[in-house]
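A short write-up of the structure that comes next.
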Amino acid sequence: MRMSLEVNTSIGPITVSNTVIANIAGVAAIDCYGLVGMASRNQLKDGITELLKRDNLSKGIEVRQEENGEFSIDLYIVVGFGTKISEVAQNVQSKIRYTLDQMLGLKVSRVNIFVQGVRLLNEE
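Numbering (this note's numbering), first residue to last: 3 to 126.
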């Protein structure tokens, strides 16, 4: 199984790593209303959710290429208190699919959202 996206062009191949795909997905997601931030995939055992800084967004995202060649993405997020979680999740899914399609021509088969916590929108 490959760990990157490979595109062949007339002047040579282009390889985009899964880390770059995760960073693009993270930047796209963070713009969505109701999303407070990304959470680490490796949560502490006591249940404390740490918000990731903007330069570490990819640590809250896992990119996998399936055997059929399609990509799936897992996002671990923290949503704002008072927002409708299902709508925030759907907006994040749509934004990530659109952004990856526009920037990389990447078709994403699944965007799985894992809500790791709820915080006040202005809480740090």
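From the three backbone atoms N, C-alpha and C, an ideal C-beta is built for every residue, glycine too. As the structure is a prediction and not an experimental result, all values here were calculated from the model.
| query | result |
| --- | --- |
| Taking the alpha carbon of L122 as the point to measure from, which residue in Q95, V80, D103 and V90 has its own alpha carbon closest? | V80 |
| Assuming V90 and L37 form a contact by the criterion Cβ under 8 Å, report the distance between their Cβ atoms to the nearest whole angstrom. | 6 Å |
| Between the C-alpha atoms of G71 and E8, what's the straight-line distance to the nearest angstrom? | 11 Å |
| Please classify F73 as buried or exposed, where buried requires at least 16 neighbouring CB atoms within 10 angstroms. | buried |
| Among A27, Y100 and S12, whose alpha-carbon lies nearest the alpha-carbon of S2? | Nothing about residue 2 can be reported from this structure: the residues present for the chain run from 3 to 126 only. |
| Could you spell out the range, first to last residue, of the alpha helix (DSSP H) harbouring D103? | I87 to L106 |
| On the three-state DSSP scale, how would you describe S19? | strand |
| Which residues does DSSP pair with L77 in a beta bridge? | I63 and I115 |
| Buried or exposed for I98, going by 16 or more other Cβ atoms inside 10 Å? | buried |
| In angstroms, rounded to a whole number, what distance separates the CA positions of G107 and L77? | 20 Å |
| In this structure, how does DSSP classify N70 when only helix, strand and coil are distinguished? | coil |
| Secondary structure at K47, three-state DSSP: helix, strand or coil? | Residue placement at K47 cannot be trusted, given a pLDDT of 43 that sits under 50; what the coordinates show is reported in the next sentence. Three-state DSSP puts K47 in coil, outside helix and strand. |
| Run through DSSP, which three-state label would G39 get? | strand |
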